[in-house]
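Asker: Please read through the structure below; I'll follow up with questions.
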Amino acid sequence: MKEKILQIENLSIAFSVGGEILPAVDSLSFSVSKGEILAIVGESGCGKTVSCLSFARLLPEPPTIYTSGSIIFPTGTSAGKNILSMSAREIRKIRGKKISYVFQEPSVSLNPVFRIYDQIAEVICLRDDEADDVREEVIYLLSKVGIPDPASKMKAYPHELSGGMQQRAMIAMALAGKPDLLVADEPTTALDVTIQAQILELIKNIRDESGMAVIIVTHNLGIVSEMADNVMVMYAGHLVEKGPASDIAKSPLHPYTKALISAVPQFGHEMEKLNTIPGTVPSPSKYPKGCRFYGRCSLADSLGHDEKRLCAENIPILHETKARFCRCHYSK
Amino acid sequence: MPLLKVENITTTYPVGKGWFGPLKHLHAVRDVSFHIEKGETLGLVGESGCGKSSLGRTLIRLEKAQSGKAVFDRTNIFSLNSSELRKFRRRFQMIFQDPYASLNPRMSVRSAIDEVLRVHSALSKEQRERRLASLLEMVGLDPSHADRYPHQFSGGQRQRICIARALAVEPDLIVADEPVSSLDVSVQAQIINLLQEIQNKTGIAYLFIAHDLAVVEHISRRIMVMYLGRIVEIGESRSIIRNPAHPYTMALISAVPAIDRGTGRKRIILPGDVPSPLNPPKGCPFHPRCPAATGRCSKEEPPLALSMNGKEHYSACFYRDDFYGKMSVLSGN
Ligand SMILES: Nc1ncnc2c1ncn2[C@@H]1O[C@H](COP(=O)(O)OP(=O)(O)OP(=O)(O)O)[C@@H](O)[C@H]1O
Ligand SMILES: Nc1ncnc2c1ncn2[C@@H]1O[C@H](COP(=O)(O)OP(=O)(O)OP(=O)(O)O)[C@@H](O)[C@H]1O
Ligand code: SF4
Ligand SMILES: [Mg+2]
Ligand SMILES: [Mg+2]
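Top line first, the protein sequences correspond to chains Z and C.
Residue numbering for the first sequence follows numbering that gives the first Met the number 0, starting at 0 and increasing by one per position.
Residue numbering for the second sequence follows numbering that gives the first Met the number 0, starting at 0 and increasing by one per position.
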């Protein structure tokens, strides 16, 4: 068993909106080891970004409320502490240095009024205030993420770069901190497949060299199986399935995971219509009492009246069988 | 007659204005011509930074074309004055790549969508209210969340707000810049089915920019491939995916990540760096990285010309007819 670096225990996160408490993430438990690449997939709005942002306490408080649980980082060392009980000062020491982020939308993390160079150089200097050759390092990083002509592109302001270049600049910025944990929220959605492959390769190489752990949120199940060691599937704030990426791609257990995989358009095959999952995700204020996938689940639909009641009334627990976890009453 | 006929568009950005030397021009889109039929989806793919968004933005006049024409239903969009343009805007909408940047953070979903409805339609307040609810439902959002602000939604939810806003005014053409990349596959499938249903009903056309080739293949009748500001290949989807006639497209197709690992597909790794659009290479823009390049490729620029790989299939490679049947990368599937 590899050394754990991040351990999430029973984490629940909610937002208080107009006097209402909306649960976004519910009793989430998992861990990430050194050098592990963990992918998080799941329906839009299921809480992937919110979970990721919580690891470095990046969610605005209020309206965010941590209703339960702990986030221990780095696990397994005496320095390991619960991020939820750290002081603002302690957290600042971790952010961007020990834990780096690549965000879903470039406009959120790139500052429009500074040149790309300044933004990356700042991270380098924060990591190592005696760094010489900052300029060289910035150019090196930008070329590594595949930005053409880095010496001149680094002088650009974010709006002067294409969407994909902004995303790559952001990845360069995250890697500049030489983090122990890289949290990448859809890092390659704006990139064409050849550059996507190049960046994922780069992240893997850095992982191999430095033992950096990676949490990657993606909608691309192809990326999951080419890149990740393990995958975690979320649905409506719940972890519903977790296990080795190759096993889950080959034999998904949870009905949601199965439906998700069947909705992927198959490259090189013609289809009239894409498979979808009937209905929409319930919004946090209207979560069903039992299994959150109940109502859209084809397995439940095929059950008898009494068996269905279990799904409707009780939240299934996360069963473990042979390193695989699944939150379903009937598929284990 | 096509709905939109684009002729020789070039879009440049002034860059590098400094104390030394002259102002340089970055050619983001170079001499691009194509057309879109009514009710058609034209997919647009290409390397990041190759000019896809710039092309889309130029078409809806967010960027000024250096030269060229874009004739939309008999009217050259580029010669409209600002009041004519405002009226015309209803007919072409854009869904932007970065939903967060394109939504006003201080405007609730209701006001953002109501604003377009108010400007571009003659609906009464109640009708607008009903339309808002049905639009949100259509894209899979809860209408009771209409009073929330963009930051209270997830990335994919924000993208759906943008889609609802673009659909609100029933345009004839939507330039959709990566409209589904931030959505999970099941919502993605819903939205794609929705876009297609609307197309079948209303005859709307889409210029659909995306990186996921499986999605592009599925939704598009034709696909256009760009490289360094140029169209390097265009043709019917099936023909492009099965029988690409340009080495860049072949590399692109070979790099599609597969869910089932080890299907025997071999990825074509492109050597070298993407050239800068500030000083594009001489000859074929792809030649420094092209596995099939010859001496001729570094001297002459290949024109976009008809290929034998399919009807309506054009490629800007000298050897466009030599690759037929050699795209064995899909055979593993
Ligand atoms: N500041 C906020 N106030 C209220 N609700 C919020 C806030 N931020 C997020 N939410 C809600 O929390 C839920 C989880 O959002 P999150 O951004 O984690 O989704 P996600 O899984 O990352 O989705 P996507 O794939 O679309 O990015 C969503 O229902 C969202 O609407
Ligand atoms: N406002 C601007 N000023 C200067 N250069 C710009 C500007 N906007 C874009 N560019 C440059 O123009 C080129 C084309 O950019 P564009 O955004 O059209 O690419 P794209 O094909 O949409 O890429 P992506 O897939 O990454 O979104 C890039 O080299 C980019 O850096
Ligand atoms: S023209 Fe030459 S360099 Fe360009 S794609 Fe064809 S073979 Fe490659
Ligand atoms: Mg997200
Ligand atoms: Mg773009």
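Just so it is clear, CB atoms sit at the ideal spot from N, CA and C, and this is done for glycine as well.
Looking at Lys47(Z) and ligand 1, is the gap between the Cβ and the nearest heavy atom below 8 angstroms?
Answerer: The answer is yes for Lys47(Z).
Asker: The alpha helix (DSSP H) that contains Tyr12(C), what's its start and end?
Answerer: Looking at the DSSP string, Tyr12(C) is not in any alpha helix (DSSP H); the run it does join, the beta strand (DSSP E), is 3-14.
Asker: Rounded to whole angstroms, what's the CA-CA distance from His144(C) to Gly42(C)? Just pull it up for me.
Answerer: Going by the C-alpha atoms only, they are around 32 angstroms apart.
Asker: Within 8 angstroms: the Cβ of Glu185(Z) and any heavy atom of ligand 4?
Answerer: Glu185(Z): yes, Cβ under 8 angstroms from ligand 4.
Asker: In whole angstroms, what separates the C-alpha of Phe102(Z) from that of Arg295(C)?
Answerer: Going from the Cα of Phe102(Z) to the Cα of Arg295(C) covers about 43 angstroms.
Asker: Compare the beta carbon distance of Pro251(Z) and Leu238(Z) with 9 angstroms and say whether it is the shorter of the two.
Answerer: Cβ atoms of Pro251(Z) and Leu238(Z): not closer than 9 angstroms.
Asker: Counting only C-beta atoms, is Glu135(Z) closer than 9 angstroms to chain C at any point?
Answerer: Glu135(Z) does not count as touching chain C.
Asker: DSSP has Thr320(Z) in a bridge; who is on the other side?
Answerer: Bridge partners of Thr320(Z): Arg323(Z).
Asker: Can you determine whether any heavy atom of ligand 6 sits closer than 8 angstroms to the C-beta of Pro142(C), and answer yes or no?
Answerer: As far as ligands go, the structure on display features ligand 1, ligand 2, ligand 3, ligand 4 and ligand 5 and does not contain ligand 6.
Asker: Look at Ile112(C) and Leu79(C) and say whether their C-beta atoms are less than 9 angstroms apart.
Answerer: Going by C-beta atoms, Ile112(C) is not nearer than 9 angstroms to Leu79(C).
Asker: Rounded to whole angstroms, how far is the Cβ of Leu212(C) from the Cβ of Val192(Z), which I believe are closer than 8 angstroms?
Answerer: Confirmed, about 7 angstroms.
Asker: Using three-state DSSP, classify Val101(Z) as helix, strand or coil.
Answerer: Correct three-state label for Val101(Z): strand.
Asker: I'd like to know whether the C-beta of Phe14(Z) is nearer than 9 angstroms to at least one C-beta of chain C.
Answerer: Chain C contact via Cβ: present.
Asker: Span of the beta strand (DSSP E) holding Pro22(Z)?
Answerer: It spans 19-32 - the beta strand (DSSP E) in which Pro22(Z) sits, taken as one unbroken run.
Asker: Using the Cα positions of Ser161(Z) and Ile198(Z), report the straight-line distance between them to the nearest angstrom.
Answerer: Rounded to whole angstroms, Ser161(Z) to Ile198(Z) spans 16 angstroms at the Cα level.
Asker: Between the segment 68-83 of chain C and the segment 227-241 of chain C, do three or more beta carbon pairs fall short of 8 angstroms?
Answerer: The segment 68-83 of chain C is not in contact with the segment 227-241 of chain C.
Asker: Which residues in chain Z sit within 8 angstroms of Arg266(C), going by Cβ to Cβ distance?
Answerer: Those are Ala196, listed as they occur along chain Z.
Asker: Check the Cβ of Lys332(Z) against every Cβ in chain C and list those closer than 7 angstroms, keeping chain order.
Answerer: Coverage of chain Z is limited to positions 0 through 331, which leaves residue 332(Z) absent and any answer about it impossible.
Asker: With 16 other CB atoms within 10 Å as the buried threshold, where does Leu54(C) fall?
Answerer: Leu54(C) should be labelled buried.
Asker: Could you work out which residue in Ile115(Z), Val182(Z), Leu10(Z) is closest to Ser69(Z) when comparing CA atoms only?
Answerer: Of the candidates Ile115(Z), Val182(Z), Leu10(Z), the one whose C-alpha sits nearest the C-alpha of Ser69(Z) is Leu10(Z).
Asker: Select from Ile202(Z), Ser282(Z), Val133(Z), Gly95(Z) the residue whose C-alpha is nearest the C-alpha of Thr187(Z).
Answerer: Ranking the options by Cα distance to Thr187(Z), first place goes to Ile202(Z).
Asker: If contacts are defined as beta-carbon pairs under 8 angstroms, then Leu131(C) and Gln158(C) qualify, I think. What distance do you get, rounded to the angstrom?
Answerer: Rounded, the Cβ-Cβ distance is 17 angstroms, inconsistent with contact.
Asker: Between the segment 90-112 of chain Z and chain C, which residues of the former have CB atoms less than 7 angstroms from a CB of the latter, in chain order?
Answerer: Listed in sequence order: Gln103, Glu104, Pro105, Ser106, Val107.
Asker: Taking DSSP as the reference, what is the three-state secondary structure of Ile7(Z)?
Answerer: Correct three-state label for Ile7(Z): strand.
Asker: From what residue to what residue does the alpha helix (DSSP H) around Gln92(C) run?
Answerer: Premise fails: Gln92(C) lies in the beta strand (DSSP E), 91-94, not in any alpha helix (DSSP H).
Asker: Beta-carbon within less than 6 angstroms of Ile247(Z)'s beta-carbon, same chain only, minus the 5 sequence neighbours each way: which residues are those?
Answerer: Contacts found: Val230.
Asker: Which residues bound the beta strand (DSSP E) around Thr66(Z)?
Answerer: Start and end: 63-72.
Asker: Mind checking if Cys283(C) is an interface residue toward chain Z, Cβ cutoff 9 angstroms exclusive?
Answerer: No, its Cβ sits nowhere closer than 9 angstroms to a Cβ of chain Z.
Asker: If we define contact as Cβ-Cβ less than 9 angstroms, is His218(Z) a contact residue for chain C?
Answerer: Yes, because at least one Cβ of chain C sits closer than 9 angstroms to the Cβ of His218(Z).
Asker: For the segment 79-153 of chain Z, list the beta strand (DSSP E) runs that are entirely contained and at least 3 residues long, ordered along the chain.
Answerer: Those beta strand (DSSP E) runs which fall completely within the segment 79-153 of chain Z and span 3+ residues are 98-101.
Asker: So that I know if they touch, is there some Cβ in chain Z lying closer than 9 angstroms to that of Gly154(C)?
Answerer: Yes, Gly154(C) counts as interfacial toward chain Z.
Asker: Whose C-beta lies closer than 6 angstroms to the C-beta of Arg90(C) among residues of the same chain, with five residues either side of it excluded?
Answerer: Excluding positions up to five away in sequence, the list reads Pro170, Asp171.
Asker: Give the interface partners of Ser99(C) over in chain Z, defined as CB-CB distance under 7 angstroms, in chain order.
Answerer: The displayed chain sequence assigns Tyr, not Ser, to residue 99(C). Those within 7 angstroms of Tyr99(C) in chain Z are Glu104, Ser106, Val107.
Asker: Here's the rule: buried if 16 or more other CB atoms are within 10 angstroms of the residue's CB, otherwise exposed. What is Glu343(Z)?
Answerer: Nothing in the structure corresponds to residue 343(Z), since chain Z is present only between 0 and 331.
Asker: Around the C-beta of Tyr139(Z), are 16 or more other C-beta atoms found within 10 angstroms, so that it is buried, or is it exposed?
Answerer: Its Cβ having fewer than 16 others within 10 Å, Tyr139(Z) is exposed.
Asker: Quick one, which of Ser142(Z), Ala120(Z), Gly145(Z), Ile215(Z) has its alpha-carbon nearest Ile134(Z)'s?
Answerer: The residue asked about is misnamed: residue 134(Z) is Arg in this sequence, not Ile. Of the candidates Ser142(Z), Ala120(Z), Gly145(Z), Ile215(Z), the one whose C-alpha sits nearest the C-alpha of Arg134(Z) is Ala120(Z).
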